[in-house]
Amino acid sequence: MTMLFSNSIARTQAEREYRAKTRGSPDFTYTPGAIDPAAIVEININKQFPGARKYEPLDSIEIINNEAANPVTVSINDRPAYADRTFPIPARTSRIVDDGVYIGTVHVRNDGAVATTAGNIVIRLKKKPYDANDAARRAL
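Its first residue numbered -4, the sequence shown is counted upward by one per residue in my numbering.
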């Protein structure tokens, strides 16, 4: 009975890993509330999305800024002044970053003169499915 149970756990883990490689992860969406001018909102992936742990590391982020006049700066894995990955997002634009960066935390800074409106900034995180390049890298 114990052997059967451990085999079913291993099979379930293998199936989950296969699905993550071929389909990627579901989207993990975060919409911050109002952000005051020059304020920073931190999104810790493990705390905000406990279900994302089984897909770690997340490696794709889409930022949608629907603000009429407020640009924002998004930095990955550190505050904007210290992060090596910082992306300015002008008002009424979106940007997708999926160039192999592993995402643990996301910081959003309001660069506008007034507070942002709750719900106007949308952040979607996910793990991309493997492509031929990823498979080749793993084979090396």
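For each residue, glycine too, the CB sits at the ideal point set by N, CA and C. Quick caveat: nothing in here was measured; it's all calculated off a predicted structure.
Going by beta carbon distance, what residues of the same chain come within less than 7 Å of Ala64, once the five residues before and after it are set aside?
Start at 1 with the first residue of the sequence shown, and residue 64 comes out as number 69. For Ala64, where only same-chain residues beyond five positions count, the Cβ hits under 7 Å are Ala86, Gly107.
Which partner residues does Phe44 have in the DSSP bridge list?
Position 49 of the sequence shown, counting from 1, holds the residue named residue 44. Answer is none; Phe44 lacks a bridge partner.
When burial is assigned at 16 or more other CB atoms within 10 Å of the CB, is Thr26 buried or exposed?
Translated into the one-based positions of the sequence shown, residue 26 becomes position 31. When all chains shown are included, Thr26 counts as exposed.
Between Asp31, Pro52, Ser89, which lies nearest to Ile40 when the distance is taken from Cα to Cα?
One-based indexing of the sequence shown puts residue 40 at position 45. Ranking Asp31, Pro52, Ser89 by Cα distance to Ile40 puts Pro52 first.
Can you give the Cα-Cα distance for Thr(-3) and Ser3, rounded to whole angstroms?
By one-based count along the sequence shown, residue -3 stands at place 2. By one-based count along the sequence shown, residue 3 stands at place 8. Interpretation of Thr(-3) is limited by its pLDDT of 48, a score under 50 that renders its predicted location unreliable; no figure is taken from the coordinates.
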